[in-house]
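Engineer: This is the structure, below, for whatever I ask next.
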């Protein structure tokens, strides 16, 4: 399970818009919407998992321009316009294609780090981490051999539990 | 009619009637706009977005299949912008299409394939992605449905509702939408009647006939236009063959075939078909040449005629054979053998009232399905009419959607009842009384055409003798009958009457209703399980009719035919089929063509005994039937796919039967002609020559008969029950699961 970290990126926003359209407004009375939106969602899902393939961004812009031309009604044309607008952040899409989510919103692409300056060494992040990806010792007064908290990138899967648990917002995307 | 609308399409000017769509207008100047969801004859939906065009002054692309033309419109159908939008749709379709054209039956005839090629579409632009997994319905016996190939055009859904059983439907919404049946069940479980209309309109290979799979590519097919012979409605039929084998049957211009016509051709290539003549030698049927067999038939018939006089020989001919064969047989028996002992097996289907029809209005009163579709008020009589004669149901449905009024008289039949304005639902066997009630109500309320009735011989008297309506016997309220009479009074009317199961009393009343309202031209669609019953009546294959049809008892008619044929026409003997096979008939030699009296006539045991006692029996049929096993000479009969000639259509128009499959068996007219030549008649060179001869003798177009009003004998206090399921129905058609089961139940009870 993923914990909502309150962070968004263009992909999550676009996925939300299109999922909402698919669930609420998409009638299926003409072919471009159901087929085009299904394709767009599939591509967005791929990108957000870091599984994007060469040409995915070009495919999205193909859908954005042509869905507007071919769709029968306003709803389809609006969905296309939204997609086209989102594609203006092309750099972010390309980053996803390269396997990074700059905002740290896509679970499969985000990794977290502990900001040592803010960390109070309370140890709650370590307690909630389901994968045991956080190492470090809690602060005990008058002892100097405790290790600072560190998130192991190899073990972290970006679930975000630690972010939610941190009382001082000391964990952020790296 | 309004002024034609002038518009320019791709720079070419065209004038079309108001209300035309751009797509249709483009066709008039030879521009074929790509389309997948539109199909001529079905209402356009504008869903595939392939027919998008640019219209000057409009920012958006518009679908040309739904957009109607406007004066001065300027349309472009093939700009790069349009081509790109079209490619986009096709690219998306390919992302869901599990298309492997190398194994698809539709390859070469597929519209998706065609446009992909024409527009140069990148098939793999979008990787394969399906929201709903593809399923293949191979459980249905006749139709295979592969949703992986479906492109959601919706043609099948529309056509299934227009002329099928309405079992295909768009299910779910949006991205999960799919064309399927209720609960995704196989077709045979949801009430499909397998007319195959969906296959005919499917642009891709999502719907195909099970029995054509792997039998050849569509570009190898050679097509033969012919006519379906599975009932008297004679639908247009196209047979596709590969290497002299039928691989597919499909509807012609009419656009409809029922399951019988669409799928009922496998028996044509059955291994036990007769292919060579057989002659009985030493008690065994042994193969022989055509020469030997025909010689023997001619010699034996001539010898028996010599020995026993004209009454000693006779013939029985099937009601599904081409008109040419019926005519030549009639001529053969009357001219070469001097007897009228030739009867049609169609007697069992139309015999009881053919005479009344001919005497009252003539065959000009017969109507085709197209006439019914054009009628304004229709009276449909007969239970199970819709399921036994699907083409008639389609005609009623089409008429209904045009706004025609429909009165249904049937003791059951939920399907037609749903279409009917008035459904008269009498107790079984009292249909005749309800028709009496209709006649009574029409006359009492002055709804009939008084002049037309006065013109009929015996009309006013017969009508006056019809008693008061007996709602207590029929169970149909008087008000409903009066309402039906009011509907029946107005406009261009037609009766659709199921003949199998209708007795002569019922038929006489149907005729009376036509005469009462002056509807004597193309107003009666008579349904019979035989292909050519009216050809038998019109061309003299009935004992009591000479070609025309002219009653044989009419001295003038006999003289007329005698002049045409150059010989004397005897009035006697004229034995009907049952009489010929009855006890103590003078028949010693019999020639049976395309009929199986042992299986079809009442009392098989007696018929078999009588046939065994004949001195000579020649049988011509497709298979070694019960009757053929008793024969001295057996001749093979060509199937309808191997025939030449015409059928006398339901409305009297000649409908072609053409040879789709080449076979050494000569067409049936030729066999009769060869026999006739051996008996001293002049030879014929082609079916066309025969046709030309009998055309001159037909009187169908003339005002019918002598307008003799049919007799309407009063029914008794308790009417004799009309048998629901006639004990001896003919095996070719008219069989439904329900009637088979009922028949079986009756057998068991006995």
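Residue numbers (this note's numbering), protein chains in the order written: chain A, 16 to 189; chain B, 1060 to 1809. Ideal Cβ placement from N, Cα and C applies to all residues, glycine included. Since the model is a prediction, treat every value here as computed from it, not as a measurement.
#1: Roughly how many angstroms separate the alpha carbons of residue 99 of chain A and residue 146 of chain A, rounded to a whole number?
#2: How long is the line joining the alpha carbons of residue 1793 of chain B and residue 1338 of chain B, rounded to whole angstroms?
#3: May I ask which residues mark the beginning and end of the alpha helix (DSSP H) holding residue 1081 of chain B?
#4: What residues in its chain sit with their C-beta under 7 Å from that of residue 154 of chain A, if we drop five residues either side in the sequence?
#5: Put residue 1442 of chain B into one of helix, strand or coil per three-state DSSP.
#6: Return yes when the Cβ of residue 46 of chain A is within less than 9 Å of the Cβ of residue 1107 of chain B, no when it is not.
#7: Taking C-beta pairs closer than 7 Å, name the residues in chain B that residue 51 of chain A reaches, listed in chain order.
#8: What does residue 1132 of chain B touch in chain A if you count any residue whose Cβ is under 9 Å from its own?
#9: Output the distance between the C-alpha atoms of residue 1371 of chain B and residue 1555 of chain B, rounded to the nearest integer angstrom.
#10: In whole angstroms, what separates the C-alpha of residue 58 of chain A from that of residue 1208 of chain B?
#11: Can you find a CB in chain B that lies within less than 9 Å of the CB of residue 155 of chain A?
#12: Closest Cβ-Cβ distance between residue 81 of chain A and chain B: below 9 Å?
#13: Run through the region 1630-1715 of chain B for me and flag every whole beta strand (DSSP E) of 3 or more residues, listed as ranges in chain order.
#14: Let me see if you follow: with CB-CB separation under 9 Å, is residue 1256 of chain B close to chain A or not?
#15: Chain B partners of residue 47 of chain A, CB-CB under 8 Å?
#16: If you draw a straight line from the alpha carbon of residue 124 of chain A to that of residue 1146 of chain B, how long is it in whole angstroms?
#17: Quick one: which chain A residues come within Cβ less than 8 Å of residue 1137 of chain B?
#18: Quick one: which chain B residues come within Cβ less than 8 Å of residue 141 of chain A?
#19: Which residues, in order along the region 1209-1237 of chain B, keep a beta-carbon less than 9 Å from a beta-carbon of chain A?
#20: Hey, is residue 32 of chain A's beta-carbon within less than 9 Å of any beta-carbon in chain B?
#21: Return the CA-CA distance between residue 67 of chain A and residue 107 of chain A, expressed in angstroms with no decimal places.
#22: Name the DSSP bridge partner or partners of residue 1281 of chain B?
#23: For chain B, find out if any of its Cβ atoms is closer than 9 Å to the Cβ of residue 165 of chain A; answer yes or no.
#24: Taking residue 1740 of chain B as the reference, which of B:1085, B:1110, B:1395 has the closest Cα?
#25: Would residue 1723 of chain B and residue 1703 of chain B qualify as a contact pair, given that the criterion is a beta-carbon distance under 9 Å?
#26: So which residues of chain A does residue 1156 of chain B contact, with C-beta pairs closer than 8 Å?
#27: In chain order, which alpha helix (DSSP H) runs of at least 4 residues are fully inside the region 1450-1508 of chain B?
#28: What three-state label does DSSP hand residue 1735 of chain B in the structure shown?
#29: Can you name the residues that DSSP bridges to residue 1340 of chain B?
#30: Excluding the 5 residues preceding and the 5 following residue 1359 of chain B in the sequence, name in chain order all residues of the same chain whose CB lies nearer than 7 Å to its CB.
#31: Can you check which of these residues, B:1463, B:1341, B:1661, is closest to residue 1548 of chain B by C-alpha distance?
#32: Compare the Cα-Cα distances from residue 1402 of chain B to each of B:1749, B:1155, B:1635, B:1105 and report the closest residue.
#33: Just to make sure I have the definition right: I need the residues of chain B whose C-beta is within less than 7 Å of the C-beta of residue 57 of chain A. Which are they?
#34: Please confirm whether residue 1499 of chain B and residue 1526 of chain B have their CB atoms less than 9 Å apart.
#35: Examine chain B for any beta-carbon lying closer than 9 Å to the beta-carbon of residue 185 of chain A, and answer yes or no.
#36: What are the residues in the region 1695-1729 of chain B lying within 7 Å of chain A by C-beta distance?
Structural biologist: In terms of the structure at hand:
#1: 38 Å
#2: With a pLDDT of 43 at residue 1793 of chain B, under the threshold of 50, the modelled position of that residue is not reliable, and the figure given next carries that caveat. Rounded to whole angstroms, residue 1793 of chain B to residue 1338 of chain B spans 34 Å at the Cα level.
#3: 1081-1087
#4: 136, 161
#5: coil
#6: yes
#7: 1151
#8: Within 9 Å Cβ-Cβ: nothing; residue 1132 of chain B doesn't reach chain A, min ~20 Å.
#9: 40 Å
#10: Rounded to the nearest angstrom, the gap between the Cα atoms of residue 58 of chain A and residue 1208 of chain B is 22 Å.
#11: no
#12: Answer yes: the Cβ-Cβ gap between residue 81 of chain A and chain B drops below 9 Å somewhere.
#13: 1648-1652, 1675-1680, 1692-1695, 1704-1707
#14: no
#15: Neighbours of residue 47 of chain A on chain B, chain order: 1108, 1147, 1148, 1151.
#16: 34 Å
#17: Under the 8 Å cutoff, chain A gives no residues; its nearest Cβ is about 15 Å from residue 1137 of chain B.
#18: By Cβ distance, chain B contributes nothing, its closest Cβ being about 41 Å from residue 141 of chain A, past 8 Å.
#19: 1210, 1211, 1212, 1229, 1231, 1232, 1233, 1234, 1235, 1236
#20: Closer than 9 Å: no.
#21: 13 Å
#22: B:1300
#23: no
#24: B:1395
#25: no
#26: Correct list: empty, because the minimum Cβ distance to chain A is about 10 Å.
#27: 1473-1478, 1490-1503
#28: helix
#29: B:1343
#30: When the five nearest sequence neighbours on each side are left out, the beta carbons in the same chain lying within less than 7 Å of the beta carbon of residue 1359 of chain B are those of 1648, 1675, in order along the chain.
#31: Cα-wise, what sits closest to residue 1548 of chain B is B:1463.
#32: B:1635
#33: 1188
#34: yes
#35: no
#36: none
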